[in-house]
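Below is one structure, written out as structure tokens, with a few remarks after it.
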Amino acid sequence: MTKQRPRTIAIDAAAPARAARFARALLCAGALLAGSAAWAAPVGVVAHLSGPLLDRKPDGSVKVLGPKSEVESGDTLVSEKNTYAQIRFVDNSEITLRPGTTFRIEHFSYDAAKPEGDSAAFGLVKGGLRSITGLLGKRNKEKFMLKTPGATIGIRGTTFIAQWIEAPAGTPSAVPAGAALPAESAPGLHVSVSDGAIMVSNGAGALGFLAGQAGYVPSATVAPVPAPPAAAPAFVPPASFGANQPMGAQGQGAAPQQGAGADCVVR
């Protein structure tokens, strides 16, 4: 009868370290998912719409939005020809896009109980809009920013209109010294204020505008200047857009209900 050798069990000394690394990886993945969910939280809805409105997501996907569709931080909204679109944010502020506008929601954060976390950063790539300040802008005016190719606009509790017009290829964007101020259709940034005040600034200078005043910025390298009322951008949305009292105008009313809109994903 042969004598059997005792069995040996190999112990992997690195196993506990690998298990710890795996656990840390799971925790990091959970944190990333939580962060993504927070970033993707709806920040507003489409309150009024008169035609096609596209929503380009950060991942490259495109949606066709309808009334009550939700919008999120990171979205780029594109209003088609003849389309006016009014976006109502969770603080009851409103931004209405005119036809042919590209507008980016860079970041929007509002919590009624946490004013220190307020943030509203937008980008007007082209076209025009009307902005009505909501609760965020009323309590933290310095946290609102609208960037355009020509200048950045800050608010002082405001209703204002901004329009950016691209210069045709080969045309100078700056106004020559001593030249007459341009009409509404001239390339550059046109602004007008109907309530409150705004501050328009770029690398060349800054200028404030009060209710009833208009301004013009030819390009990012030319300081803002006052403009005559005739040069103020026209903004005439459909009459139905004014059927309800804008919540942001008086700082009253509940935030709009979300999740009721139907989106069409363009693949």
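Numbering (mature numbering (1 follows the signal peptide of the UniProt record, and there is no 0)) for the sequence shown: -40 to -1, 1 to 227. Even glycine gets a Cβ: it sits at the ideal position worked out from N, Cα and C. A quick note: this is a predicted structure, and the numbers were derived from the prediction, not measured.
Cβ shell of residue i (< 8 Å), same chain only, five flanking positions each side left out
i    : result
Q173 : S152, V153 and P186
T181 : A134, N162, G163 and A164
P198 : H8, S10 and Y44
P27  : V6, A7, H8, L9 and G221
Residue j beta carbon less than 9 Å from that of residue i
i    : j    : result
K41  : G60  : yes
R58  : V5   : no
S39  : A80  : no
L167 : A183 : yes
V3   : T36  : no
G87  : H150 : no
G34  : K23  : no
P128 : P109 : no
D71  : R99  : no
I92  : I55  : yes
Same chain, Cβ closer than 6 Å to residue i, five either side skipped, listed in chain order
i    : result
H8   : Q46 and F201
G83  : R64, E66 and K107
G156 : R116, G117 and T118
G11  : E40, N42 and T43
F195 : R90 and I121
Q123 : G88, H150 and P193
I158 : I113, I115, T118, F120 and F169
F68  : V3, S33 and A80
For residue i, the residue or residues it bridges with in DSSP
i    : result
G148 : I125
L89  : L57 and A122
G114 : M159
D15  : K23 and L37
S10  : Paired residue(s): none; S10 is not in a bridge.
S179 : Beta-bridge pairing links S179 to no other residue.
F63  : L37 and L84
V5   : E30 and R48
G168 : M159
S79  : S69
V185 : Y176
K107 : G83 and T112
Residues of its chain near residue i, where Cβ-Cβ distance is below 7 Å and the 5 sequence neighbours each way are ignored
i    : result
A139 : Note that A139 has pLDDT 46, beneath the 50 cutoff, so the model's placement of it is unreliable and no number is given.
K103 : D78, S79, A80 and L96
D62  : The question names Asp, but residue 62 is Thr in the sequence shown. Excluding sequence neighbours, T62 sits near T36, V38, V85, K86 and G87.
Nearest-angstrom Cβ-Cβ length linking residue i and residue j, presumed shorter than 8 Å
i    : j    : result
V177 : A111 : 5 Å
G114 : M105 : 6 Å
V31  : D15  : 7 Å
Near the ligand MN: residue i beta-carbon under 8 Å from a heavy atom
i   : result
R64 : Although the ligand MN was asked about, the structure shown includes no ligands whatsoever.
Residue-level contact to chain D via CB, residue i, 9 Å cutoff
i    : result
P188 : This model lacks chain D altogether; it includes just one protein chain.
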